[in-house]
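In our numbering, the protein residues as written are 37 to 341.
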């Protein structure tokens, strides 16, 4: 049995949801596909798939093995690609993880350009504010805001997150416009808490030599940037959100900036990837493309609104 071929067949069966479709995709006889998966199960001494007359699903062991197969097959393709003359045309599956705000406001609107340049790359885009373990979860690269404690990752700075404090005009008309950070004590605020630790982040302000950190009085706390923005748009309270997300709403008049003479600590934005991915052509071209994308976005490089 060719172990790599058997692994490729197993991955195709899982992706296709059955032996027939996998055989068609790989242009192999269905009997060959079935035989290779059975031989793989026999060699591993474990059942990888549940089979019925109408449905095929992975077992718990099969799901874990599937993820390992993806990594191994990806590494093999990358090793071949790194020596190939076709590096100008990278291909394959690229797993990227970003926050929901970056995905919705920056990345997805620009992806048509990426696919025009690299039509043979397929992107699996994870969109959440949960800090993923790139190595454990098989993610090729991620875009992260803030400082990076994980020294196992290679990081490239691509931008800076600036923040503004804002609310809907209706909220401000009802509750008043704060003129100093200490005024927040009498306001309704929306807080953001860490998905990893559950800790609520303080609001910080600086003006000249004056620096203030505030545990804002919250009517609501969320752990997703898109939900945070939506809560502010509903007039539930004041928010301290990234300027790139606020820009269009401020321009439309649906949000209004307050405390504009105060600044908040900006956060660096990095694209990060495991050290064993650094020779991958598909990772390399994505990192270069996303770095250029962020470089042309004024709210991620210049001063805030």
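Backbone N, C-alpha and C fix where the C-beta goes; we use that ideal spot for every residue, glycine too.
Identify whether residue i lies in helix, strand or coil by the three-state DSSP scheme.
i, result
"residue 86", "strand"
"residue 54", "coil"
"residue 297", "coil"
"residue 310", "strand"
"residue 271", "coil"
"residue 63", "coil"
"residue 200", "strand"
"residue 334", "helix"
"residue 161", "strand"
"residue 130", "strand"
"residue 176", "coil"
"residue 253", "coil"
"residue 81", "coil"
"residue 111", "helix"
"residue 279", "helix"
Per DSSP, residue i forms a beta bridge with which residues?
i, result
"residue 45", "Answer is none; residue 45 lacks a bridge partner."
"residue 305", "181, 195"
"residue 152", "Answer is none; residue 152 lacks a bridge partner."
"residue 220", "Note: residue 220 sits in no beta bridge, so no partner."
"residue 228", "258"
"residue 190", "309"
"residue 93", "86"
"residue 241", "248"
"residue 236", "229"
Within 10 angstroms of the Cβ of residue i, are there 16 or more other Cβ atoms? Answer buried if so, exposed if not.
i, result
"residue 151", "exposed"
"residue 332", "exposed"
"residue 84", "buried"
"residue 307", "buried"
"residue 133", "buried"
"residue 37", "exposed"
"residue 237", "exposed"
"residue 179", "buried"
So, under 8 Å CB-CB, residue i and residue j are touching, yes? Tell me the CB distance rounded to an integer number of Å.
i, j, result
"residue 217", "residue 295", "6 Å"
"residue 105", "residue 47", "5 Å"
"residue 228", "residue 258", "6 Å"
"residue 43", "residue 108", "7 Å"
"residue 203", "residue 291", "7 Å"
"residue 207", "residue 289", "With 8 Å as the limit, residue 207 and residue 289 do not qualify as a contact, their Cβ atoms being about 13 Å apart."
Pairing CB atoms from the segment 249-256 with CB atoms from the segment 162-175, are three or more of them under 8 Å?
Three or more beta-carbon pairs separated by less than 8 Å are not found between the segment 249-256 and the segment 162-175, which leaves the two stretches without contact.
Kindly confirm or deny that the segment 321-330 and the segment 194-203 touch, where touching means at least three C-beta pairs closer than 8 Å.
Taking a cut-off of 8 Å on C-beta distances, the segment 321-330 touches the segment 194-203, as three or more cross pairs fall below it.
Three or more C-beta pairs closer than 8 Å, one from the segment 134-153 and one from the segment 260-277: is that the case here?
The segment 134-153 is in contact with the segment 260-277.
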